[in-house]
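To start, the structure under review is shown below, and the notes come after it.
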Amino acid sequence: MSQVELTGVAKRFGAYEALRGIDLTIADGEFMVFVGPSGCGKSTLLRLICGLEPPTEGTIRFDGRDMRGVPPADRGLAMVFQSYALYPHMSVADNMGFALRMSGVSTADRAARVAKAAEILQITPLLARRPKELSGGQRQRVAIGRAIVREPSLFLFDEPLSNLDAELRVDMRYELAELHRRLGTTMIYVTHDQVEAMTMADRIAVLRDGRVEQVGTPAELYERPLNRFVAGFIGSPRMNMLAATVAEVESCAVGIRLTGVDELLRMNVADGHGLGIGDAVEIGIRPEHIDLSGDGFRLPVRVSFCEYVGGGSLLHANDHSAGRLVIRHAGAPAPVVGETIDIRFPESACHLFSAAEIRL
Ligand code: ATP
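Using this note's numbering, you'd call the opening residue of the sequence shown number 12 and step up by one each time.
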């Protein structure tokens with residue numbers, strides 16, 4: 012069991028600031044996912060926690076103990092990488108037990124721990140095979156097994172499913188979540204795939220340009236993103252962003268005019284929102300919150316493209332004056348390309364972003 016606490020952590024490579032101002036606590040037993048676009052610093056953050064790199068500034072504590080100067084091998088953790096890096100000449104059992112053999116664990120204890128991990132991962136029938144006799148998913152399971160046998164108090168995963176095909180990734184996602192439930196060990200998992208993050212995490216930290224933009228449960232990030240970046244990153248297809256200006260202001264409500272639209276969209280906002288008439292804003296609305304009927308805000312759009320996705324379609328409206336829209340349409344039949352349709356969305360499903368990209 013391990014609680015991981017990062018305080019004021021920064022990492023510079025020469026003049027380049029890869030991470031800055033990271034304050035984050037990962038609770039004992041939590042499944043925390045670091046997600047963000049390529050180059051945002053996720054792997055670097057994981058390497059700092061692992062001890063492969065020292066932070067330039069700040070403190071990393073495990074259960075209150077400062078990890079400064081503590082080598083990776085003494086941190087009680089195990090790391091699983093995207094590349095399985097199994098020894099090709101060794102059997103699955105020997106691969107899994109290798110680190111234990113190196114640290115002097117007895118043959119009997121080693122065999123017991125390998126057998127237990129193999130059972131958890133359902134690879135017992137594969138123990139005598141060589142890596143080349145395994146599928147990609149089985150190899151990744153062996154790599155995870157190699158981590159489990161060490162009985163770490165913290166698991167670190169760096170994009171472990173990236174090499175697997177789409178179907179296997181879904182299966183392995185479930186297996187990892189199940190593994191976490193069974194072991195109850197703290198896990199930190201890095202991915203650029205927000206679907207992976209949403210389906211597995213207890214909490215997600217969204218990173219951008221070396222900073223943590225928001226930390227929260229998947230539902231918190233989806234329902235109450237703090238800013239435009241998080242709103243756009245979480246959810247698939249992405250949230251639609253429509254250009255607008257403020258047309259009316261009251262203390263706790265505003266009237267918003269979408270570019271090229273006469274009717275005002277009225278939204279409740281917190282007191283002290285700071286908006287003034289004429290301010291440029293953006294309205295965010297998720298594709299799944301738009302309907303083709305009902306009594307929400309009405310917007311006529313021309314269908315430019317229709318993607319059949321099984322059980323429904325994604326309608327693309329590319330030439331609206333306020334911006335491009337994607338609509339998830341569950342019903343059949345789908346509207347015809349070129350047709351102008353009325354779309355509807357409730358004001359309560361809209362997110363309002365200031366010019367500074369903050370959600371109000
Ligand atoms: P990806 O999803 O592509 O792996 P990431 O979010 O994991 O990206 P990092 O690998 O943490 O990103 O890298 C963050 C930034 O730090 C990148 O711009 C990268 O080029 C830079 N960086 C990482 N390691 C080093 C290094 N050893 N020396 C110099 N720059 C580095």
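Glycine included, every Cβ here is placed at the ideal spot set by N, Cα and C. Note that the structure is predicted; figures quoted are calculated from it, not measured.
Nearest residue (CA-CA) to residue i, options the options
| i | options | result |
| --- | --- | --- |
| Leu286 | Ile301, Ile296, Asp273, Gly266 | Gly266 |
| Gly108 | Leu88, Gln133, Val160 | Val160 |
| Ile294 | Gly283, Gly322, Pro236 | Pro236 |
| Glu358 | Met78, His300, Ser324 | His300 |
| Asn279 | His362, Ile288, Cys51 | His362 |
| Glu350 | Ala328, Val314, Leu167, Gly47 | Val314 |
| Leu275 | Gln133, Gly147, Arg214, Ala264 | Ala264 |
| Asp176 | Arg72, Ser324, Gln149, Ile199 | Gln149 |
| Met252 | Val181, Leu269, Gly47, Ile352 | Leu269 |
| Thr70 | Glu16, Arg31, Ala110, Leu179 | Glu16 |
DSSP state of residue i mapped onto helix, strand, coil
| i | result |
| --- | --- |
| Tyr27 | strand |
| Asp204 | coil |
| Arg180 | helix |
| His362 | strand |
| Thr196 | coil |
| Leu4 | The structure shown has nothing for residue 4, since the chain only spans 12 to 371. |
| Asp85 | helix |
| Glu189 | helix |
| Met310 | In the sequence under discussion, the amino acid at residue 310 is Leu, which differs from the Met named in the question. Note: Leu310 maps to strand in three-state DSSP. |
| Met209 | helix |
| Leu269 | strand |
Boundaries (first-last residue) of the alpha helix (DSSP H) holding residue i
| i | result |
| --- | --- |
| Gln151 | 147-159 |
| Arg438 | One cannot answer for residue 438 here, as it falls past the ends of the chain, which runs 12 to 371. |
| Glu231 | 229-234 |
| Ala129 | 118-131 |
| Arg239 | 239-244 |
| Leu59 | 53-61 |
Strand pairing of residue i, partner residues [DSSP]
| i | result |
| --- | --- |
| Glu318 | Leu325 |
| Met252 | Gly295 |
For residue i, the first and last residue of its enclosing beta strand (DSSP E)
| i | result |
| --- | --- |
| Val91 | 88-91 |
| Arg214 | 214-219 |
| Met278 | 276-279 |
| Asp169 | 165-169 |
| Arg339 | 336-340 |
| Ile369 | Unbroken run through Ile369: none, as it is neither H nor E. |
| Met107 | Careful: Met107 lies outside any beta strand (DSSP E), inside the alpha helix (DSSP H) at 103-113. |
Chain B contact for residue i (CB, 7 Å cutoff)
| i | result |
| --- | --- |
| Gly80 | Among the protein chains of the structure shown there is no chain B, as only one such chain exists. |
Can you list every residue whose CB sits closer than 5 Å to some heavy atom of the ligand ATP, going in chain order? Phe24, Ala29, Ser49, Gly50, Cys51, Gly52, Lys53, Ser54, Thr55, His203
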